[in-house]
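What follows is a short report on a single structure.
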């Protein structure tokens, strides 16, 4: 899905989202979150630090910045590892990130006669006098549905390519504890004999 720019103004019609399109959007947004997690695990392996410490170091870093950090670390690590990261994060993934950002953060503007769905970016591109100019980006609805159908394969590709399958399946990722406030309330209810607390 190479980026292209439309020099001509587009006429947009209102668009009522279908259930299939909502499902596709959800798949894309969730898949990128999974890939972000995979990337955090890969970085933790590169710097030989635990996943939790890596998460603290990276914080809420944007995935595009994480990719840049991972590539730099891979170059410092080993040429073969660097090649793996370059292969995994080639152009199609950048396009997926652009699409995910538009779907998750953009405002739906409408659809063209040709079936391109347009979203306005939340970022301000420039101002012209008192007017604000924002960037709008469009994708064919068929492309959005197509990308969504490939997301499970992309997750597998990243897990395998970055060699984090075992880390993602580990038992520590499945254990959940109750929140201390919830446990305190639960214990109070048990001891008071009153289910209302």
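In our numbering, the protein residues as written are 5 to 201.
Just so you know, even glycine gets a beta-carbon here, dropped at the ideal spot from N, CA and C.
The model shown is predicted, which means the values in this text are computed figures rather than measured ones.
Tell me the rounded alpha-carbon separation between residue i and residue j.
i	j	result
residue 124	residue 164	35 Å
residue 1	residue 186	Since the first and last residues shown for the chain are 5 and 201, residue 1 lies out of range.
residue 81	residue 51	9 Å
residue 57	residue 136	41 Å
residue 3	residue 145	Only positions 5 to 201 of the chain appear in this structure, which leaves residue 3 out of reach.
residue 152	residue 64	24 Å
residue 168	residue 79	18 Å
residue 140	residue 182	43 Å
residue 33	residue 105	8 Å
Suppose contacts are defined by Cβ-Cβ distances below 7 Å. Is residue i in contact with residue j by that definition?
i	j	result
residue 143	residue 121	yes
residue 43	residue 70	yes
residue 39	residue 74	no
residue 171	residue 45	yes
Within the same chain, show all residues whose beta-carbon is closer than 6 Å to that of residue i, passing over the 5 residues directly before and after it, in chain order.
i	result
residue 29	107
residue 109	126
residue 18	114
Report all residues from its chain with a CB closer than 8 Å to the CB of residue i; omit the five preceding and five following residues, and keep chain order.
i	result
residue 16	113, 114, 115, 116 and 122
residue 101	36, 67 and 68
Would you decide whether residue i is buried or exposed? Buried here means 16 or more other CB atoms lie within 10 Å of its CB.
i	result
residue 128	exposed
residue 6	With a pLDDT of only 46 at residue 6, under the threshold of 50, the placement of this residue in the model should not be trusted; the figure read from the coordinates follows. The residue in question, residue 6, is exposed, as its Cβ has fewer than 16 Cβ neighbours within 10 Å.
residue 84	exposed
residue 60	exposed
residue 156	exposed
Between which residues of its own chain and residue i is the CB-CB distance below 7 Å, once the five residues before and five after are set aside?
i	result
residue 130	137
query: Is it a yes or a no for the region 21-30 touching the region 85-92, going by three-plus beta-carbon pairs under 8 Å?
result: no
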